[in-house]
Every structure is written in structure tokens, then in C-alpha cells.
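Read the structure below first, then the notes.
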């Protein structure tokens, strides 16, 4: 154990765990992929068209989510605290509705509009509808990242700007540019999720490259070929991920905790007020519309209760997978994202693994897990629901490590040095480092739980016989046209997610109060 | 002229400023002297309009700036503010920082920025970013930014904190010279009586949010 890096062993353990969870399922496919030159070169005109559709969809989602999140975040910074909390809570609640249920909700809205307007076909169909559903599904994440970025702006800078120029200028020239990296990163993450999503587009009859990967594997079961086929999508995703990693690394955090950005209420011009309020209204009404459509779709309550009872075992599996993934991701994240020593920042490995997990399409992850665990030695794992947690962890475990890593980069070096001077490294880690990173690890774990509950792309490929999840059930029901049951299941999953988030928040507050 | 009459400010259970009075006549220099946490910064922030007083009035240039039901926006008060930690905008160059509050044709703004950079001894550093400056240079840039729009009143919140003694002495001389040249009235907050006396300020002492003595 080095004196300069007393916590190196803990970090190495965490990185090793992330490599096994996230990288191994991809690496295991490489030999087969390289030995399949036909698949590597198989970028036909049809597949190029599918790639173009995926990119078009992701671009719309990026623009829509970045714009709405930026306006909503800037509005929340300047609005009265209670009002801002209410609107942000409504907007973020949509994160607990699985993306496939967003598709069901907007399809129901389209059908309602068709009937109300006396149209022959639904106005919400095809690519625009898929873009709308993906935008509302991924907007909460863009808002959450944007809020974190805006909160990291030192309020004193706004004070300095306000003394000399009107509040509108302070907003445009100081707050917006400083929060912009996080806002762009949030939009880019939404675009990444859009690129890898096959469920929402397929619900509106839109074929994408991610669906092509799934179909290809389902047709011939050649896992290596699936990875080889994935390279164009992975390349686009890598470019998007790099574009989001660069601004994220520039997010500064020197803000004194507990201070609001605008100490005295700001006074904006009419157009600025209208623009910011519109963004907040769009974010909240988008989320509220999804919930309203699901409630209307699930009506009457007796039928909804019956549907939820029927789906009970699947919902229980989803909850168990989400909880297990969250706990494992939290522990691994705490180890991998922690600093190696007082003077050294978190490992770059975390960012590298996160990048890989973000750019590998979900069907490839599923195929890799099958290739890795479908053998005599790991048959007991392969035939169990643990595969579902492994699928979720392979895709989302680095999120918790990233959350811890960002938080770790703001730990006071002096306090860390003081901790290792006066006690053994393990004691210092337990008493000084870990408590300061616990909140971000928990937040990361919650994020992993929310994503795991909605995971479909890899889950579909590793589902053990006789087992299903709430989202798989909803996906299947959606294709059979049973939208009432989809709505009821989605509401149940969202209610459990919101309850878990509120419980975590209350627990966190109590821990901080101590 | 700045006239503060009976201003109070409470943060939760803490009464940060309690019925405080102070007057800074035009072109005069007044220092508010007190220990850390006695309410000096809160007082300055209320004068600048960055915080709203719970009670009392702030008059600037003979007109009400803060009073019950009234709060003139900070930028409309005609003040320059030098913050304790400089508070330079990290995404702007030094020149852009200094020119932030200056309005008018670009050439005019540029000329004013160059003039100020020269006055504070930062010639040739306009293209640098705050992270590329030393602590003393950052304070000089902050002083230049506060003076650039030509405010009639200058508020300074412990501008020499965390500087080495030679940098402090040099910056103190610069502040003295520039405050005199600008003709602005100066309200200087510090815990160091020596700084206040070196600037030739009338001293008002503050203790636990109240005027002492």
C-alpha cells in the first residue's frame, strides 16, 4: 500500500468488479466478432437507413431534451423554492415510468386526439411519436444532470454580475454559460439512451439499428456476429459519449452549499420570463400528461388492481432486480469512485468503463452475458433471475461510480490528508472518506435502480425460462394491444419507484441531520 | 452618498444585522470594522441590493434604494462591488471580466478596459483567464471590473484577504490611488484597523450586527 495512495487497494477492487460486470460480457464476444469478417462488413443500404433513423431520433431527443431541460433548470433556479420543488418533482417523477410505458401513454394520447378531432388516423405515429415518447422518458435525466450543473455555479459570480448588469444579462452571460456543460451533457446522455433503445421506436412501428441487432441475434443466435454488426451504432454512440464527457469534465463545483443562485429574487424581461416559464411548463406537463394518460388508460380501478395482481410476480422480480442492482452498484461505485489517496483524484478507469457501458448497445450486452454464463460451470446463475441483475449492472453499474467519482473530486484535500496522518488508512476511509461519498453513492444507486426497473434490451435476451419482469410483460402486452394492463403495470412500477426515492431521501436527510 | 438607517437582517434564528446605521457622504471613505461573522458582509450585500433588508432603509444618491416594499435592482444602484474572493467569471478572459459592466460601442468598451487594466497594473494580461492569474492579480482584475463602469460609490468586502504582505501593501496603494482618482465614495469592510487607517477611512465599528461604541 503506497503512502501517497493509501486507498489504492479499495479502488482496484472496485475497478476489477466493474471490469467483470461491464467489460467482460463484451470482451468475451471479441474473438467471435473478429473471426466473422462478413458480419463486420455487413453494412447494407437497409442497415445504413436504420442507422440514419436511429441518429435522427437521437438528434431530435437531444435537441428537445437539452432545450426544455435548460429552460426548466434556469426557471427552477430563479423561482420561489416551494414552487420550483413542486414543478421539478413532477418533471422528475416521469423517470420512474419505464420508457415503454411512455410509448403506451403517448399512443393513448394520440388515440384520444384522433377520436376527439374526428381524424381517420392517430396524429401521434411514426418517428415524431417515438421521438416524443423518448423525449419525455429521458427528460428527467437531462433535468437532473442540468440541476446538478446549475447548483455547482458559485452564487457569488451571479452577485458580481448583478451589481453591474441587469438580471437578464447575468442569466445569459454568467449562469447559462457556466451551467451549459452539464445541460449539454444531460442532453447527450438522453441521446445515448435513445440510440440504444429499441422498445419505444418499435411500439410506433419505427425500425432502428438497435432493433436490428436484437432481430439478428434472435434469428441466428450468433453472439459474435451481433457485436460485429453493432460497430456503426457503437461508433456513433462513442462520438456522442465523448461529446458529453468533455463538457462534463468542465463542470465546476465551488458553490457554497445551501446558498441559492439568486440571493434576492431576480427581475427578468417579459420574453425571458415567458421562455423560462414555458420550459418549466413543458417539463411538468409532459410528465403530467404521461401520468394522466396512464391513469385514464388503467381506469376503472378494479381492472387496474386485477392487472397489477396478475403481474404481481413480474413486478416483484423487477423490484428485486432493481434493489439488487442498486445495492451492488452502490458498493462497487463507492470502491471504484473513491480517491486513491488525499492528493489523487478518482481513477480514469471509471470514466473509461462508463463510456464503454454507454456505447455498447443493449442487445450486444445481452448476447455477451449469454456467451459468458451459458456453460456447465455457471448454469445455476444462467438459469436464475440473477442474470437480470447482471444485465442491468452491465449497462448501468458505472452510473453509481461516476456519481461517487464526481463527488470525490470535490473532497477537501486538507481534510483527507489530516485523516491519514492521524489514523490508519482503513479507519480514515471508513470515518472520513466513505461518509462524505455515501450520499452520492446512494443517489447513483437510486439512478441504477430506476434504470434497471425499465431495462428491456438486454433483459429480453437473458430472461430465464418461466421468469419475466414488469417491463417485459408491459412490452409484450403493448404489442398485443392490451394498453389498459400496460398502464396499470406502469403506474404500479412508478409508484414503487417514487416511494423508494422518497424513502431514500428521508433516510438521507436523517443521516445528514446526525 | 449612501445612507443606511436602521437596517436589520435575520437568517433563520440568527440576527445578522440589527438596526444598523451608517452614512457615507459623497467622495468620503468609511470603513466598517469588525470581527469575522459580525454582519459586515450582510450589510454590504443589503446596500448593494443583493439581499433584501427585513427592516430599515438604504438611500443611495438621495433616493430610496431599499425600503419596505421597494428594492431597486443591484445594477441600477450605481455601485461598484469588490468581493472578498474576487468572484471573477471563470469562463471569461480578464478583459471580458473587466468589460462586463461597460456598455457602449465596442471600441469604447475596449478602450475603457485597456485603460483600467493599465491603471491596476495588468497590462498585457487581458487575454488570460482568471485561473491563469495569481491571487494578487485576480484582486486587481476584480478592482478593475468594479471601477470600469465608473460607479459613484465603491463597496469593498475585505479585498485584501489571503494575500501576502507585499501584495497587500501594493494593492492597498492601488485602491487608494484609484478611489481618489475616480472620485467615488468608498465603503470598505475589513477586520484590520491598519487597512482602514492606511486608506484614510472614517471607522465605524460593528459587533454582533450592531454599531459599537
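Residue numbers (the numbering used here), protein chains in the order written: chain C, 11 to 524; chain H, 74 to 286. Here a beta-carbon is modelled for each residue, glycine too, at the ideal position from N, C-alpha and C.
Report the residue from C:279, C:443 and C:302 whose alpha carbon sits nearest the alpha carbon of residue 179 of chain C.
It is C:279 whose Cα lies nearest to the Cα of residue 179 of chain C.
What does residue 140 of chain H pair with, by DSSP beta-bridge criteria?
Residue 140 of chain H is bridged to H:143.
Between residue 268 of chain H and residue 236 of chain H, is the Cβ-Cβ spacing less than 8 Å?
At a Cβ-Cβ threshold of 8 Å, residue 268 of chain H and residue 236 of chain H do not count as neighbours.
Closest Cα partner of residue 189 of chain H within the set H:222, H:161, H:203 and H:163
Closest by alpha carbon: H:222.
Going along chain H in order, which residues have a C-beta closer than 7 Å to the C-beta of residue 172 of chain C?
Residue 172 of chain C reaches chain H at 123, 147 and 148, counting residues in chain order whose Cβ is nearer than 7 Å.
For the segment 364-422 of chain C, list the alpha helix (DSSP H) runs that are entirely contained and at least 4 residues long, ordered along the chain.
Correct list: 372-383, 389-392 and 396-418.
Are there 16 or more other CB atoms within 10 angstroms of the CB of residue 129 of chain C, so buried, or fewer, so exposed?
It counts as exposed.
Quick one: residues in its chain with C-beta nearer than 6 Å to the C-beta of residue 101 of chain H, no 5 flanking neighbours on either side, listed in chain order?
258.
Residue 182 of chain H: first and last residue of the uninterrupted alpha helix (DSSP H) it sits in:
Per DSSP, residue 182 of chain H belongs to the alpha helix (DSSP H) from 179-192.
Residue 429 of chain C and residue 442 of chain C: beta carbons closer than 8 Å?
Contact: yes.
Consult DSSP for residue 277 of chain C and reduce its assignment to one of helix, strand or coil.
The three-state secondary structure of residue 277 of chain C, taken from DSSP, is coil.
Count the C-beta pairs between the segment 417-425 of chain C and the segment 299-312 of chain C that are closer than 8 Å, then say yes if the count reaches three, no if not.
Result no; under three Cβ-Cβ pairs closer than 8 Å.
Using a Cβ-Cβ cutoff of 7 Å, what residues of the segment 269-302 of chain C are near chain H? List them in chain order.
Contact residues of the segment 269-302 of chain C toward chain H are 273, 274 and 277 (C-beta to C-beta distance below 7 Å).
Starting from residue 96 of chain H, trace the beta strand (DSSP E) both ways and give me its first and last residue.
Taken as a continuous stretch (DSSP letters only), the beta strand (DSSP E) holding residue 96 of chain H covers 87-97.
Roughly how far, in whole angstroms, is the beta-carbon of residue 518 of chain C from the beta-carbon of residue 452 of chain C, given that I think they are within contact range, below 8 Å?
Going by Cβ atoms, the distance from residue 518 of chain C to residue 452 of chain C rounds to 6 Å, so yes, they are a contact pair.
Please list the residues of the segment 198-231 of chain H that have a C-beta atom closer than 9 Å to any C-beta atom in chain C, keeping them in chain order.
Those would be 215, 218, 219, 221, 222, 224 and 228, in chain order.
Is the Cβ of residue 93 of chain H closer than 8 Å to any Cβ of chain C?
Residue-level contact check: residue 93 of chain H does not touch chain C, since none of the beta carbons of chain C fall below 8 Å from its beta carbon.
Taking only beta-carbon atoms, is residue 256 of chain H less than 8 Å away from chain C?
Cβ-Cβ to chain C under 8 Å: no for residue 256 of chain H.
Counting Cβ pairs, one atom from each stretch, are 3 or more of them under 8 Å apart for the segment 144-155 of chain C and the segment 114-130 of chain H?
No, because fewer than three Cβ pairs between the segment 144-155 of chain C and the segment 114-130 of chain H fall closer than 8 Å, the two stretches do not touch.
I'd like to know if the segment 226-242 of chain C and the segment 372-392 of chain C are in contact, where contact means that at least 3 CB-CB pairs between them fall below 8 Å.
Contact holds: three or more Cβ-Cβ distances are below 8 Å.
DSSP state of residue 227 of chain H, grouped into three classes?
In this structure, residue 227 of chain H counts as strand in the three-state DSSP scheme.
Going along chain H, which residues have a C-beta under 9 Å from residue 91 of chain C?
The premise fails here: residue 91 of chain C is roughly 14 Å from chain H at the closest Cβ pair, so nothing lies under 9 Å.
Cα-Cα separation between residue 172 of chain H and residue 160 of chain C, rounded to whole angstroms:
Taking the straight line joining both Cα atoms gives about 24 Å.
Buried or exposed (CB count within 10 angstroms, at least 16 for buried), residue 224 of chain H:
Buried.
Would you call the segment 131-148 of chain C and the segment 83-94 of chain C in contact, with 3 or more CB pairs under 8 Å?
With a cut-off of 8 Å, the segment 83-94 of chain C and the segment 131-148 of chain C do not count as touching, because too few Cβ pairs lie within range.
Check whether the segment 475-487 of chain C touches the segment 93-105 of chain C, counting contact only when three or more Cβ pairs, one atom from each stretch, lie closer than 8 Å.
In short, these stretches do not touch, since the Cβ pair count stays below three.
Residue 194 of chain C touches chain H at which residues, Cβ-Cβ below 8 Å?
Proximity of chain H to residue 194 of chain C at the Cβ level (cut-off 8 Å) is not reached, the minimal Cβ distance being about 14 Å.
Coarse secondary structure for residue 81 of chain H, derived from DSSP in three states:
Residue state for residue 81 of chain H is assigned as strand, using DSSP reduced to three classes.
Within 10 Å of its beta-carbon, does residue 179 of chain H have 16 or more other beta-carbons around it, so buried, or fewer, so exposed?
Residue 179 of chain H should be labelled exposed.
Answer yes or no: does any C-beta atom of chain H fall closer than 8 Å to that of residue 167 of chain C?
For residue 167 of chain C, the nearest beta carbon of chain H is closer than 8 Å to its own beta carbon.
Report, in whole angstroms, the separation of the C-beta atoms of residue 36 of chain C and residue 292 of chain C, which I expect to be a contact under 8 Å.
Actually they do not touch by this definition, with Cβ atoms about 37 Å apart.
Measure how close the beta-carbons of residue 302 of chain H and residue 195 of chain H come, nearest whole angstrom, since I'm counting them as under 8 Å.
Outside the displayed range of chain H (74 to 286) lies residue 302 of chain H, so it cannot be described from this structure.
Beta-ladder partner(s) of residue 44 of chain C, from DSSP:
By DSSP's assignment, residue 44 of chain C forms no beta bridge with any residue.
Please identify the residue among C:424, C:169 and C:359 whose C-alpha is closest to the C-alpha of residue 273 of chain C.
Residue 273 of chain C has its Cα closest to that of C:169, out of C:424, C:169 and C:359.
Spatially closest choice to residue 362 of chain C from C:18, C:17 and C:32, by CA coordinates:
Closest by C-alpha distance to residue 362 of chain C, out of C:18, C:17 and C:32, is C:32.
DSSP state of residue 275 of chain H mapped onto helix, strand, coil:
Correct three-state label for residue 275 of chain H: strand.
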